[in-house]
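Participant:
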Ligand code: MRU
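Numbering (this note's numbering), first residue to last: 5 to 337.
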């Protein structure tokens, strides 16, 4: 992905390993500031995941794998458990931690580092492939609605939901994106919009509750979202607000796609009821930019994800092609 820091133009993934550190673009400070953060200890790695300096399921997974490999090099033996508990919903985190732990158990520190770097490369190439596969859905002038940020920031590069749009645009088509702002942490209006500005792709930011209005007016040709965990039956978790969009798209006959790489698939999870849903602090809801917006007597409730039943999904855009629910079930056998 391309961005500039202090006037210097960079073309690099949203984070990378440099020696025994990880240098990442701090997603908490976008879009007003592009700041690279260097982290080298377990507390810093865990805090970066917990506070969303690094976020998005595939990015959390690859970051966790790299962090674990660095902790192994430094002889820190509590890293696996602490990283695993840092956020519960995106299965990529535990999938990638398990891969790196297995490599460490077999081949030590060097094996763990090698496996972490393979996960980084694999994530980038899977997302590029998702873009190539999904680009066939993006006809010229297609109006695509998305939710949260499933772009390069969330995946190291390319994105999942944004990758088909990026590739269609680079191929000369002219897509338009409805960016749902994504309360309460505004990953849509801060991060997806920022990525689309970097690419020069046309878009408008709308409040989350405008989705039904736009769909009913015929302003949305298709919806594409990412995922944090996809179950064997096709149910999936994604940012809170995804379920409502899926129901409305179904009601109005608008195609609804989910884009995700292999690491987001949870073979051990039969259906959406088994997905752990992260609940974040109520201050994210009752405050805005650190100022109270609800009465001091009001409590908030802040589920960060919801579960969408597979029956609302038109297709799953993966590095192996666009799959239907039957194809997903076959992946488990
Ligand atoms: O809380 P976040 O910002 O980590 O939530 C991210 C999402 O819900 C994304 O849509 C999902 O991880 C897919 S990222 C390719």
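Ideal Cβ placement from N, Cα and C applies to all residues, glycine included.
Treat the numbers as computed from the prediction; the structure is a model and nothing was measured.
Helix, strand or coil for residue 53 per DSSP?
Facilitator: Residue 53 sits at position 49 when you count from the first residue of the chain shown. Here residue 53 sits in helix by DSSP.
Participant: Where in the stretch 253-284 do unbroken runs of the beta strand (DSSP E), each at least 3 residues long, occur, reported from the N-terminal end onward?
Facilitator: Runs of the beta strand (DSSP E) inside the stretch 253-284: 260-263.
Participant: Quick check on DSSP: helix, strand or coil for residue 190?
Facilitator: Locating residue 190 in the chain shown gives position 186, counting from the first residue. Here residue 190 sits in coil by DSSP.
Participant: Would you call the stretch 118-125 and the stretch 78-88 touching, i.e. three or more CB-CB distances under 8 Å?
Facilitator: With a cut-off of 8 Å, the stretch 78-88 and the stretch 118-125 do not count as touching, because too few Cβ pairs lie within range.
Participant: Just to confirm, does residue 32 get its C-beta within under 6 Å of one of the non-hydrogen atoms of the ligand MRU?
Facilitator: The residue you call residue 32 lines up with position 28 of the chain shown. Every heavy atom of the ligand MRU is 6 Å or more from the Cβ of residue 32, so no.
Participant: Say the cut is 6 Å; is the CB of residue 70 nearer than that to a heavy atom of the ligand MRU?
Facilitator: Position 66 of the chain shown holds residue 70. No, the Cβ of residue 70 stays beyond 6 Å of every heavy atom of the ligand MRU.
Participant: Look at the Cβ atom of residue 247, then the Cβ atom of residue 312, and state whether they are nearer than 7 Å.
Facilitator: Taking the chain shown and counting its residues from 1, one reaches residue 247 at position 243. Taking the chain shown and counting its residues from 1, one reaches residue 312 at position 308. Contact flag set, yes.
Participant: State the DSSP-derived secondary structure class of residue 206, mapped to helix, strand or coil.
Facilitator: Start at 1 with the first residue of the chain shown, and residue 206 comes out as number 202. Looking at residue 206 - three-state DSSP - the assignment turns out to be strand.
Participant: Quick check: the Cα distance between residue 54 and residue 137, rounded to an integer number of angstroms?
Facilitator: Working through the chain shown from its first residue, we reach residue 54 at position 50. Working through the chain shown from its first residue, we reach residue 137 at position 133. So the two alpha carbons sit approximately 32 Å from each other.
Participant: Short check: CB of residue 309 to CB of residue 244, under 7 Å?
Facilitator: In the chain shown, counting from the first residue as 1, residue 309 sits at position 305. In the chain shown, counting from the first residue as 1, residue 244 sits at position 240. Contact: yes.
Participant: Which partner residues of residue 87 appear in the DSSP bridge assignment?
Facilitator: Reading the chain shown from its first residue, position 83 is the one you call residue 87. Bridge partners of residue 87: none, in fact.
Participant: Have a look at residue 263 and residue 270 and give me their C-alpha separation to the nearest angstrom.
Facilitator: By 1-based counting over the chain shown, the position of residue 263 is 259. By 1-based counting over the chain shown, the position of residue 270 is 266. Those two C-alpha atoms are separated by around 14 Å.
Participant: For residue 149, which beta-bridge partners are listed by DSSP?
Facilitator: In the chain shown, counting from the first residue as 1, residue 149 sits at position 145. Per DSSP, 182, 227.
Participant: Could you check which residue in 107, 103, 102, 159 has the C-alpha nearest to that of residue 130?
Facilitator: Your numbering for residue 130 matches position 126 in the chain shown. Among 107, 103, 102, 159, the Cα nearest to that of residue 130 belongs to 159.
Participant: Thinking C-alpha only, which one of 334, 279, 42, 315 is nearest residue 93?
Facilitator: Taking the chain shown and counting its residues from 1, the one referred to as residue 93 is at position 89. That would be 279, whose Cα lies nearest to the Cα of residue 93.
Participant: Using a Cβ distance threshold of 8 Å, determine whether the stretch 206-225 contacts the stretch 316-330, with at least three qualifying pairs required.
Facilitator: Contact fails: fewer than three Cβ-Cβ distances are below 8 Å.
Participant: For residue 172, I'd like the list of residues in its chain whose CB is within less than 7 Å of its CB, leaving aside the five on either flank, ordered along the chain.
Facilitator: As a first step, residue 172 is located in the chain shown; it is residue number 168 there, counting from the start. Once the five neighbours on either side are set aside, the close Cβ partners of residue 172 are 139, 142, 179.
Participant: Specify the secondary structure class of residue 159 as computed by DSSP and reduced to three states.
Facilitator: In the chain shown, residue 159 corresponds to position 155, counting from 1. Note: residue 159 maps to coil in three-state DSSP.
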